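Let me begin by presenting the structure, written as structure tokens, before commenting on it.
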Amino acid sequence: MSLIRQKLLRWYRKNQRDLPWRRTRDPYAVWVSEIMLQQTRVETAIPFYRRFLERFPDASSLAAASSDEVLKVWENLGYYSRARNLHEAAKIMESRHGGRLPETPEDLAALPGIGDYTAGAVGSIAFGRPVPAVDGNVRRVLARLYAIGDSVESGPGKSRLRALAAELVPQEDPGAFNQSLMDLGSRVCTPTLPRCPECPLANVCEAFHQGLQERLPVASPKKSLPSESAIAAVLLDRDGRFLVVRRPLQGFLGGLWKFPGGFLRPGEGLPEGLRRTVREETGLPVSVLMELASVNTVYSHFRLRLTAFRCRKRSGGIVPSAGPDCRWATFEEMNRLAFSKADRLLFPFLPVCRPRSPAG
DNA sequence: GAAACGTGGTG
DNA sequence: TCACCAAGTTT
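The numbering used here numbers the first residue of the first sequence as 15 and each following residue consecutively.
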């Protein structure tokens with residue numbers, strides 16, 4: 015037990031990565047980094063982390079921001095409920111915790127967006143609490159270290175690994191220990207082709223001993239992604255501005271802006287579906303003129319083919335007035351709003367005079 | 001417990 | 001082109 019800790023910590027002192035959030039002990043910064051790192055690679059999170067901390071250096075500045083501002087910084091990071099929860103949690107810190115993070119894992123876990131893992135990570139790294147931080151890396155390392163054949167994705171499997179991790183966490187510098195486990199998982203004890211010859215734990219690893227390191231942990235079968243179709247309407251006013259609407263904050267891509275339109279029903283034609291969805295979203299009856307572009311994208315739980323059409327307001331239709339969730343925007347203004355990846359893929363096909371980018 | 005929830009890198 | 005998956009949480 016203490017041998018494992020010792021080997022791990024020694025390896026970590028020599029091999030730990032120089033990451034922006036490891037250069038601070040500011041609990042706010044640690045918290046932001048941990049939220050960004052949920053289901054997200056370190057290299058992906060780094061530039062977002064820098065921009066976020068520059069724009070929102072503390073909980074007060076974050077709490078005072080609008081959701082549009084927060085989402086714009088989060089644009090392209092994905093899992094946008096994280097940004098919404100971060101924002102909401104900052105407001106709670108302002109009103110109930112004196113503008114700071116609460117220190118106990120229990121109080122941390124009570125904040126939106128903070129679950130078991132993040133409460134443990136922030137609790138141990140920022141506040142020195144001896145609690146485990148069990149993420150996918152740690153589950154994989156422990157499943158191999160103790161040659162656990164049961165699924166580590168099931169409820170019982172997870173609690174078993176959490177109990178193991180809890181026994182391993184030292185009283186002194188639990189944050190370094192937790193991070194050493196995660197770093198080992200991401201750099202040595204990788205999902206495929208683990209680098210066992212480099213591993214400080216190889217000689218005490220049960221999976222390596224049994225030659226099972228490539229077969230553990232057992233992964234549950236994944237479902238193939240269904241394919242959906244959606245349509246988008248490109249509507250211009252007399253000044254060449256585009257009609258854009260904001261998605262509901264709680265839903266899919268919540269709070270991001272989009273072109274009017276939506277998902278096609280099974281068997282529904284594209285122009286027909288477009289007229290229906292635009293009317294549902296904006297109340298505006300439109301005529302469909304011509305197809306502008308079609309883009310494909312993959313989300314966490316379905317594939318999407320999004321087709322954009324140039325549209326025109328039908329005579330007699332009431333043009334929607336600008337509001338918090340609906341507005342006419344120039345190309346420049348749209349670039350200051352947060353859009354999803356798929357919607358941004360449509361931008362180069364918009365009918366508007368603008369500087370053409372040098373490379374495709 | 002299962003499903004929802006994004007995006008980009010990799011073999 | 002495609003499946004897999006990366007510092008999970010919420011409903």
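Don't be surprised by glycine CBs; every beta carbon is placed ideally from N, CA and C. Just so we're clear, the structure is a prediction, and the values are computed from it rather than from any experiment.
- For A233, the three-state secondary structure derived from DSSP is coil.
- Annotation: the segment 33-118 contains the following complete segments of the alpha helix (DSSP H) (minimum length 4 residues), in chain order: 41-50, 56-69, 73-78, 81-88, 95-110.
- Taking C-beta atoms as the reference points, A356 and L320 count as a pair closer than 8 Å.
- Judged by DSSP secondary structure, L320 falls within the beta strand (DSSP E) whose first and last residues are 317-327.
- Per DSSP, reduced to three states, the secondary structure at A147 is coil, with no helix or strand assignment.
- Per DSSP, the continuous beta strand (DSSP E) segment holding L303 begins and ends at 300-312.
- For R260, there is no enclosing alpha helix (DSSP H); the residue is part of the beta strand (DSSP E) that begins and ends at 256-260.
- Taking C-alpha positions only, T58 is separated from G92 by approximately 11 Å.
- Per DSSP, G331 lies in no beta strand (DSSP E) segment and is marked neither H nor E.
- Following the DSSP letters along the chain, one finds V248 in no alpha helix (DSSP H) but inside the beta strand (DSSP E) bounded by residues 241-248.
- In the DSSP assignment, F277 falls within the beta strand (DSSP E) that extends over 275-277.
- Under the DSSP assignment, R290 falls in the alpha helix (DSSP H) whose first and last residues are 284-296.
- For R31, no alpha helix (DSSP H) encloses it, and the DSSP letter there is neither H nor E.
- L182 is positioned such that its CB atom lies no closer than 8 Å to that of E220.
- Taking C-beta atoms as the reference points, A343 and R255 count as a pair closer than 8 Å.
- Residue pairing by DSSP puts A343 in a beta bridge opposite F256.
- Judged by DSSP secondary structure, V218 falls outside any alpha helix (DSSP H); it is assigned neither H nor E.
- Pairing L22 with S138 gives a Cβ-Cβ distance that is not under 8 Å.
- Linking F273 to R31 through their CA atoms gives a straight-line distance of about 42 Å.
- In the structure shown, the three-state DSSP call for G225 is coil.
- Nearest in C-alpha terms to P184, of all of S16, S354, F361, is S16.
- Shown here, G169 sits in a helix according to DSSP, grouped into three states.
- The beta carbons of L100 and P41 sit no closer together than 8 Å.
- Excluding the 5 residues flanking it on each side, M304 has same chain C-beta neighbours closer than 7 Å at F323, R324, in chain order.
- Judged by their CB atoms, V300 and A247 are nearer to each other than the 8 Å cut-off.
- Collapsing the DSSP output to three states places F353 in a strand.
- In the DSSP assignment, the residues bridged to W271 are R260, F353.
- The DSSP-derived three-state label of G137 is helix.
- Looking from the CA of K28, the closest CA among L230, T311, L198, E347 belongs to L198.
- Two segments are said to touch when three or more pairs of C-beta atoms, one from each, lie closer than 8 Å; by this definition the segment 130-137 touches the segment 145-157.
- Exposure of T38 is indicated by the presence of fewer than 16 other C-beta atoms within 10 angstroms of its C-beta.
- By a beta-carbon distance limit of 8 Å, G268 does not contact S80. Their separation comes to about 14 Å.
- The beta carbon of D251 is closer than 8 Å to those of L257, V333, W342 in its chain, skipping five residues each way along the sequence.
- In this structure, the beta-carbon distance from A190 to Y26 falls below 8 Å.
- When secondary structure is reduced to three states using DSSP, G265 falls in the coil class, being assigned neither helix nor strand.
- Collapsing the DSSP output to three states places G337 in a strand.
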